[in-house]
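Engineer: Offset between the sequence shown (1-based) and this note's numbering: plus 26.
Got a structure here, written out as structure tokens. Questions coming.
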Amino acid sequence: MSVNIVYQDKVKSSPVVMGVLGFSVIIVLIIGFILYFQNNRTIDSGVVKTLSFVLVLDVFVFWAFREMAVVITDKQLSFGFFIFKKKIDLNKIENVEIQDFKFNNYLGYGIRYGRDNTIGYVPCGGRGLKIKVTGEKKDFFFICNRPEEALVFIKQYGTQK
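Written out as structure tokens, the structure is:
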């Protein structure tokens, strides 16, 4: 069964967010080196486990949230980060509209709950699509580089005409 991709987009995460995550990885490494050389090259096993866990978690978050993918096929819309993706059948979309990202609504970047009862997939500021889906309690908002083009394809292949 072939998949007919009609729109594909990759949205890079904010350089500020990537910088903060990268900085946190460096801080964990520095703390580990300081503890290692201060304690005659030995570190308590509990500290090693904690620092290792934090380092692996930091690297995972840094890698997973570096960019968001948006894919529209003739049947489905998919958007999200790495393993944190949302897939929606186009025929279940009730309404779709272009909106600007408002930082004060989501208070950050990533996958966020908005004050306007939406779940936002926001790697950076900009414009995106707000969609209402049949059977979902919350609407979704996601950033994309070409929201006008994505809107056309969702309307063309979905039930909304």
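No residue lacks a Cβ here, since even glycine has one placed at the ideal position from N, Cα and C.
Candidates Gly154, Val97 and Lys128: which alpha carbon is nearest Asp142's?
Structural biologist: The residue with the shortest Cα to Cα distance from Asp142 is Lys128.
Engineer: Quick check: what's the CA-CA separation for Ser40 versus Ser71?
Structural biologist: Whole-angstrom Cα-Cα distance: 36 angstroms.
Engineer: Under the assumption that Phe96 contacts Ala176 (Cβ atoms under 8 angstroms), give the Cβ distance between them as a whole number of angstroms.
Structural biologist: The residue asked about is misnamed: residue 96 is Val in this sequence, not Phe. At roughly 7 angstroms, the Cβ-Cβ gap stays under 8 angstroms, so Val96 and Ala176 are in contact.
Engineer: Compute the distance between the beta-carbons of Leu61 and Val73, then report whether it is under 8 angstroms.
Structural biologist: Closer than 8 angstroms, so yes.
Engineer: Out of Cys150, Gly151, Phe168 and Gly152, point me to the one whose CA is closest to Lys158's CA.
Structural biologist: The option with the nearest alpha carbon to Lys158 is Phe168.
Engineer: So within the region 102-141, which uninterrupted beta strand (DSSP E) runs reach at least 3 residues, ignoring any that extend past its ends?
Structural biologist: Taking only runs of at least 3 residues, the beta strand (DSSP E) segments lying wholly in the region 102-141 are 102-107, 110-115, 119-126 and 136-139.
Engineer: When the distance is taken between beta carbons, is Val148 closer than 8 angstroms to Tyr135?
Structural biologist: Contact: yes.
Engineer: Determine, using beta carbons only, whether Ala90 and Phe107 come nearer to each other than 8 angstroms.
Structural biologist: Yes, Cβ-Cβ distance for Ala90 and Phe107 is below 8 angstroms.
Engineer: Less than 8 angstroms between the C-beta atoms of Phe179 and Lys112, yes or no?
Structural biologist: Taking 8 angstroms as the Cβ cut-off, Phe179 and Lys112 do not qualify as a contacting pair.
Engineer: Thinking just about the alpha-carbon of each residue, which of Asp115, Ile145, Val80 and Ser28 is nearest to the one in Lys163?
Structural biologist: Ranking Asp115, Ile145, Val80 and Ser28 by Cα distance to Lys163 puts Ile145 first.
Engineer: State yes or no: is the C-beta of Val37 within less than 8 angstroms of the C-beta of Asn171?
Structural biologist: Yes, the Cβ-Cβ distance between Val37 and Asn171 is below 8 angstroms.
Engineer: Please list, in chain order, all residues of the same chain as Gly152 whose beta carbon is under 6 angstroms from its beta carbon, the five residues on each side excluded.
Structural biologist: Contacts found: Phe127 and Ile169.
Engineer: How big is the Cα-Cα spacing for Phe59 and Lys101?
Structural biologist: Whole-angstrom Cα-Cα distance: 52 angstroms.
Engineer: Are Phe88 and Gly48 close, meaning C-beta to C-beta below 8 angstroms?
Structural biologist: Yes, the Cβ-Cβ distance between Phe88 and Gly48 is below 8 angstroms.
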